[in-house]
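The opening residue of the sequence shown carries number 940 in the working numbering; numbering runs sequentially from there.
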Amino acid sequence: LLGKLLWLSCQTRPDLVFDTMEHSTYNKKPTVRNLLSLNKVVKKLPDGPRYLKFNHINIKQGDLKIVFYADASLGNLGKDKTDSGRGYVIFLADDAGTCGVIDWSANKIKRKVHSILGAETLAFQDALSAAIYIRALVSEIILSGR
940 LLGKLLWLSC
950 QTRPDLVFDT
960 MEHSTYNKKP
970 TVRNLLSLNK
980 VVKKLPDGPR
990 YLKFNHINIK
1000 QGDLKIVFYA
1010 DASLGNLGKD
1020 KTDSGRGYVI
1030 FLADDAGTCG
1040 VIDWSANKIK
1050 RKVHSILGAE
1060 TLAFQDALSA
1070 AIYIRALVSE
1080 IILSGR
């Protein structure tokens, strides 16, 4: 069940990313409480968006921009609340300000962090790395079309 929810959240449902990521931290020794909580996530499925909307981004008018937002939290995951989580969302935007989401992610930070600054820095690093990769892909797609 969790694997299916993880796939769904990574592919089409950014609103479920944190919930599924949080439950994946309990995967080694799940309890009845974890299962009941996971059932609440399943009940969110029908209430969520039923379609994805893609805005028309004008690539002929001018420059495209990659815009991203990253965030992290200190000590919000795990049974003892000592693990930290991070997430980001990346947009492709045109000169007119029209944008569309092209990537999102949320994960447990693999390193032990002892400050919110450390957690935020690692979240920013992951988001920046993904944004640079997406920028290279978009540039290649646009240049190959000319």
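We treat Cβ as the ideally placed atom computed from N, Cα and C, and that holds for glycine.
Are the beta-carbon atoms of residue i and residue j separated by less than 8 Å?
i: residue 1027; j: residue 1044; result: yes
i: residue 1025; j: residue 1069; result: no
i: residue 1002; j: residue 1034; result: yes
i: residue 996; j: residue 1031; result: yes
i: residue 1006; j: residue 1038; result: yes
i: residue 1061; j: residue 1048; result: yes
i: residue 970; j: residue 1016; result: no
How many angstroms separate the CA atom of residue i from the CA atom of residue j?
i: residue 1124; j: residue 1046; result: This structure does not reach residue 1124, given that the chain is present from 940 up to 1085, and the question cannot be answered.
i: residue 953; j: residue 1050; result: 24 Å
i: residue 1067; j: residue 1081; result: 21 Å
i: residue 1064; j: residue 1029; result: 13 Å
i: residue 1036; j: residue 979; result: 36 Å
i: residue 968; j: residue 994; result: 42 Å
i: residue 1053; j: residue 1009; result: 18 Å
i: residue 1056; j: residue 984; result: 34 Å
i: residue 941; j: residue 956; result: 12 Å
i: residue 945; j: residue 962; result: 10 Å
i: residue 982; j: residue 999; result: 43 Å
i: residue 988; j: residue 951; result: 9 Å
i: residue 975; j: residue 1014; result: 22 Å
Buried or exposed for residue i, please, with buried defined as at least 16 other CB atoms from any protein chain shown within 10 angstroms of its CB.
i: residue 948; result: buried
i: residue 958; result: buried
i: residue 1079; result: exposed
i: residue 1075; result: exposed
i: residue 977; result: buried
Quick one: does residue i have its CB under 8 Å from some CB of chain B?
i: residue 999; result: No chain B is part of this structure, which consists of one protein chain only.
| field | Secondary structure, beta strand (DSSP E): runs of 3+ residues fully inside the segment 998-1063 | value | 1004-1016, 1022-1032 and 1038-1047
| task | At 3 residues or longer, and completely inside the segment 946-1000: list those beta strand (DSSP E) runs for me, N to C. | result | none
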